[in-house]
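Worksheet: the structure to be examined is printed underneath.
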Amino acid sequence: MSGPTGEQFEITYGHARAVVTEIGASLRTYTVNGVDHVESYPDDTHPPMGSGAVLVPWPNRVRGGSWPFEGGVQQLELTEPERGNAIHGFVRKLSWQVINHTGSLISLGTDVQAQQGWPVPLRVTISYALDAHGLTVTHGVTNVGDRPVPFGVGMHPYPRAGRAATDDCTLQLAATTSLPLSAETMTPDGPPVPLAGSILDLSKPTSLRGVNLDDAFGGCEPGADGLIRHRLIGPDGGGVELWADPDFRWVQVYTPNDFLGRGRAVAIEPMTCPPDALNSGVDLITIAPGEAWSARWGLLPK
Numbered sequence: 022m023s024g025p026t027g028e029q030f031e032i033t034y035g036h037a038r039a040v041v042t043e044i045g046a047s048l049r050t051y052t053v054n055g056v057d058h059v060e061s062y063p064d065d066t067h068p069p070m071g072s073g074a075v076l077v078p079w080p081n082r083v084r085g086g087s088w089p090f091e092g093g094v095q096q097l098e099l100t101e102p103e104r105g106n107a108i109h110g111f112v113r114k115l116s117w118q119v120i121n122h123t124g125s126l127i128s129l130g131t132d133v134q135a136q137q138g139w140p141v142p143l144r145v146t147i148s149y150a151l152d153a154h155g156l157t158v159t160h161g162v163t164n165v166g167d168r169p170v171p172f173g174v175g176m177h178p179y180p181r182a183g184r185a186a187t188d189d190c191t192l193q194l195a196a197t198t199s200l201p202l203s204a205e206t207m208t209p210d211g212p213p214v215p216l217a218g219s220i221l222d223l224s225k226p227t228s229l230r231g232v233n234l235d236d237a238f239g240g241c242e243p244g245a246d247g248l249i250r251h252r253l254i255g256p257d258g259g260g261v262e263l264w265a266d267p268d269f270r271w272v273q274v275y276t277p278n279d280f281l282g283r284g285r286a287v288a289i290e291p292m293t294c295p296p297d298a299l300n301s302g303v304d305l306i307t308i309a310p311g312e313a314w315s316a317r318w319g320l321l322p323k
């Protein structure tokens with residue numbers, strides 16, 4: 022009998038190891054030399070707090086679960102009923118099929134069917150690859166319907182600076198703005214505001230001790246190499262860097278106090294668009310029939 026996340030797929034490269042799940046195609050573990058670089062969980066439990074989840078065809082929340090399409094209104098199931106939202110897309114609870122599995126790489130795919138609240142079918146893929154540069158995650162979306170459709174992509178990893186306690190770490194983001202969110206719905210409550218000089222300015226390494234975040238950050242700027250880079254660093258100078266293609270210009274940061282088996286943890290969630298983008302239209306990707314899109318992000322132990 023398989024557990025709640027189905028079959029477990031292992032990839033390795035040298036002293037690095039990652040485990041990806043069949044249900045949700047989520048990243049369950051990533052270790053180097055036996056040291057964790059994401060928060061993990063047992064294979065007989067559900068992913069705690071969305072750990073490692075793939076978020077397609079929208080990340081984060083859709084206010085009221087409704088959004089405009091072709092002059093009408095689509096109504097999604099309210100999967101976060103306490104706040105009245107649809108949250109994190111469809112694919113995190115679907116079974117994914119293996120496309121390719123070698124020693125250091127696994128690719129999986131699944132289908133988003135046309136359904137209530139979502140009018141256009143999509144083919145969704147993800148690849149995890151280990152090499153000398155760490156872990157690379159490649160997302161793919163193809164429109165297999167007959168109409169253009171907007172979408173967004175995100176992921177919900179909880180990076181970990183090895184054995185360091187979260188409160189002993191610093192966080193540095195490539196973001197330049199924050200998005201005010203309603204405390205009741207956690208959806209946008211105004212336009213993005215500049216981070217410079219604000220209490221949310223994480224452009225320089227900032228201690229996480231006593232910092233409680235569940236915030237959306239935007240304006241993520243790539244460096245000279247064309248990549249966006251966020252860094253979680255422990256007290257010994259080691260840690261992990263989350264890099265991303267310029268498509269991932271948004272990032273949600275969440276610091277729960279009660280992650281299973283860990284306590285304080287930090288989610289650094291790369292997103293192509295902000296919360297409620299299906300309504301605001303901000304940074305949505307529109308894909309035509311037969312068109313394919315892909316982008317990457319990854320984790321680099323430091």
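Read in the working numbering, the sequence shown has 137 at position 116, and its numbers run on one by one without any break. Note that CB positions come from ideal geometry on N, CA and C, so glycine has one too.
Original post:
Considering LEU299, what are the terminal residues of the alpha helix (DSSP H) in which it resides?
Top reply: Its alpha helix (DSSP H) spans residues 298-301.
Original post:
Looking at C-alpha atoms only, which residue of SER87, GLY92 and GLU91 is the closest neighbour of ALA13?
Top reply: Because the chain spans 22 through 323 in this model, residue 13 falls outside it and cannot be assessed.
Original post:
CB THR276 to CB LEU320, shorter than 8 Å?
Top reply: Against a cut-off of 8 Å, the Cβ pair of LEU320 and THR276 comes out as no contact.
Original post:
What is the C-beta distance between PRO310 and PRO169, in whole angstroms, given that I count them as a contact (C-beta under 8 Å)?
Top reply: PRO310 to PRO169, Cβ: 7 Å. Contact.
Subject >> Run of the beta strand (DSSP E) containing GLY130, from where it starts to where it stops >> reply: Counting along the chain, GLY130 sits inside the beta strand (DSSP E) bounded by residues 126-133.
Original post:
If you count every other CB in all the chains shown that lies within 10 Å of the CB of ALA313, and 16 or more means buried, which is it?
Top reply: Exposed.
Original post:
Is the beta carbon of THR131 sitting closer than 8 Å to the one on GLN118?
Top reply: By the CB criterion at 8 Å, THR131 and GLN118 fall inside the cutoff.
Original post:
Which of the three DSSP states, helix, strand or coil, is assigned to MET176?
Top reply: DSSP places MET176 in strand when its eight states are reduced to three.
Original post:
Roughly how many angstroms lie between the CA atoms of GLN96 and GLN137, to the nearest whole one?
Top reply: Cα to Cα, the separation comes out at about 7 Å.
Original post:
Who are the near neighbours of GLN29 in its chain, counting only those whose CB is closer than 8 Å to its CB and skipping five residues on each side?
Top reply: Only residues of its own chain outside the window of five on either side were considered, and among them VAL40, VAL41, THR42, GLU43, ARG49 and ASP64 have a CB closer than 8 Å to the CB of GLN29, listed in chain order.
Subject >> Minimum length 3: unbroken beta strand (DSSP E) runs contained in the region 221-271 >> reply: Listed in chain order, they are 235-239, 249-254 and 260-265.
Subject >> Supposed close pair PRO215, THR197 - CB separation, criterion 8 Å >> reply: Right, the Cβ-Cβ distance comes to about 7 Å (below 8 Å), so this counts as a contact.
**OP:** Provide the residue span of the beta strand (DSSP E) that contains LEU76, from first to last.
**Re:** From DSSP, the beta strand (DSSP E) with LEU76 extends over 74-76.
Original post:
Considering ASN106, what are the terminal residues of the beta strand (DSSP E) in which it resides?
Top reply: Per DSSP, the continuous beta strand (DSSP E) segment holding ASN106 begins and ends at 106-108.
Original post:
Would the C-beta of VAL287 count as close to the ligand SAH, meaning under 7 Å from any of its heavy atoms?
Top reply: No copy of the ligand SAH occurs in the structure displayed, which carries no ligand at all.
Original post:
Near SER219, what residues of its chain come up, given a Cβ to Cβ distance below 8 Å and the 5 sequence neighbours on each side ignored?
Top reply: SER199.
Original post:
With burial defined as no fewer than 16 other Cβ atoms inside 10 Å of the residue's Cβ, what is the status of MET22: buried or exposed?
Top reply: Confidence is the limiting factor: at MET22 the pLDDT is only 48, short of 50, which leaves the residue's position unreliable, though a coordinate-based value still follows. Looking at its Cβ environment, which holds fewer than 16 other Cβ atoms inside 10 Å, MET22 is exposed.
**OP:** Can you tell me which of the three DSSP states GLY71 falls into?
**Re:** Note: GLY71 maps to helix in three-state DSSP.
Subject >> Beta-carbon proximity check, ASP268 vs ALA237, cutoff 8 Å >> reply: In this structure, ALA237 does not lie closer than 8 Å to ASP268 by Cβ.
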